[in-house]
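Residue 178 in the numbering used here sits at position 163 of the sequence shown, and the numbers go up by one each step. Glycine included, every Cβ here is placed at the ideal spot set by N, Cα and C.
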Amino acid sequence: MSGPELSKTIPETRERLQAVRNAGKSIGFVPTMGALHYGHARLIEAARSENDFVAVSIFVNPLQFGPNEDYSRYPRALAADIDLCRSRGADLVFTPSVDDMYPEKQLTFAEVGKVGDNLCGAFRPGHFRGVVTVVLKLLNIVQPDRAYFGEKDIQQLALIRRMARDLALPVRIAGVPTVREPDGLALSSRNRYLSPAERTAATVLYRALLRSRDLAQAGEAGASVIKKEALRVLESEPLGKVQYFDLVDENMQPVDRVTPGIRAAVAVWFGSTRLIDNMELVRIDKDSQ
């Protein structure tokens, strides 16, 4: 199997993709920070199934890391990432440098109001400003018909969807369900930071989410009751330090009652590694909409 085309610069990428558009082909786009795993593979597969041409970006974005976060040690494995892109049928891999993306001090930023204020936004000031800014820039470079993001980062997905609506971007933002290990742990590039004991302990996120879903589907509608039970599960794991657990609506705002579409969202520290996860508690009946 031949590999995907590789592009390192913005002009080169724009020129190649303009030729694709001129040929009347649709473009699917998967923006990533690399250290790709099977969750990313699912995003590429989803893009491949719905588009004529698939572009993947690999860029560790410094704007979304705080001063004491893991930018310098964030895993980078470009050769393996390109192999995964090849195996899933990506047509182009865009790997810009920081100097390409930010040739001078960034003075322009994108923000999405209250959607980014709760959950991760409350503990990572500036993080979502960096995320939304780089995604908007990448969408402007690639100009895809569809862009694909994982539901594991549900707040990020909500922010990007709202940005696309508010700014009338001509792109469909597609969410792809979370991919999990057999024991339920959501796939994440940061899982590789975990010690063996922490890796075992990390399944407590999934167990707390399952407990929440079971309660909701059994008819419990009180958010405070569900949160109390989920925290009991989380706090039973001595290696985990809970940062937050909450029930939120599509705008990532806390709710008092469970209704269809409400999600439980959680963040837990294991040593120096912070993991997040979420789960829809009662599914929206699409046929009734």
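Counting only unbroken stretches of 3 or more residues, the beta strand (DSSP E) elements lying wholly within the region 68 to 96 are 68 to 73, in sequence order.
Around the CB of isoleucine 299, fewer than 16 other CB atoms lie within 10 Å, so the residue is classed as exposed.
Taken in chain order, the whole beta strand (DSSP E) runs of length 3 or more contained in the region 217 to 295 are 255 to 263, 278 to 285, 288 to 295.
Sequence-distant partners of tyrosine 89 (beyond 5 residues in either direction) whose C-beta falls short of 6 angstroms from its own C-beta, in its chain, are Val75. Per DSSP, reduced to three states, the secondary structure at arginine 298 is coil, with no helix or strand assignment. The three-state reading of DSSP puts leucine 202 in coil, since its state is none of H, G, I, E or B. A Cβ-Cβ distance of about 18 angstroms is found for the pair alanine 238 and leucine 220, leaving them out of contact under the 8 angstroms criterion. Contact check for leucine 200 against glutamine 170 fails: the beta carbons are separated by 8 angstroms or more. Under a 10 Å Cβ-count criterion, tyrosine 208 is classified as buried, with 16 or more other Cβ atoms of the shown protein chains found around its own Cβ. Residue environment for glycine 234: exposed (fewer than 16 other C-beta atoms within 10 angstroms of its C-beta).
Pairing arginine 278 with isoleucine 156 gives a Cβ-Cβ distance that is not under 8 angstroms. Following the DSSP letters along the chain, one finds alanine 50 in no beta strand (DSSP E), marked with neither H nor E. Within the DSSP secondary-structure output, alanine 189 pairs in a beta bridge with Tyr163. In this structure, the beta-carbon distance from glycine 276 to aspartate 160 does not fall below 8 angstroms. Rounded to the nearest whole angstrom, the CA to CA distance from glutamate 27 to histidine 52 is 27 angstroms.
Counting only runs of 3 or more residues that sit fully inside the region 121 to 183, the beta strand (DSSP E) segments are 161 to 165, in chain order. In the displayed model, valine 35 falls within a helix according to three-state DSSP.
For valine 113, there is no enclosing beta strand (DSSP E); the enclosing alpha helix (DSSP H) covers residues 113 to 116. Scanning Val146, Asp181, Val130 for the CA closest to the CA of alanine 173 turns up Val130. DSSP lists no beta-bridge partner residue for glycine 104. Proximity of the region 120 to 127 to the region 145 to 154 meets the contact definition, three or more beta-carbon pairs being nearer than 8 angstroms.
When the Cα atoms are used, leucine 78 and arginine 144 turn out to be separated by approximately 8 angstroms. Looking only at Thr215, Leu182, Ile291, Tyr163, the smallest Cα-Cα distance to glutamate 252 is reached by Thr215. If you check the CB distance, threonine 193 and glutamate 166 come in under 8 angstroms. If you check the CB distance, alanine 189 and alanine 61 come in under 8 angstroms. Taking tryptophan 284 as reference, the option from Gln268, Phe109, Asn206 with the minimal CA-CA separation is Asn206. For leucine 209, there is no enclosing beta strand (DSSP E), as DSSP marks it with neither H nor E.
Per DSSP, reduced to three states, the secondary structure at serine 22 is strand. At the C-beta level, arginine 177 and valine 108 stay beyond 8 angstroms of one another.
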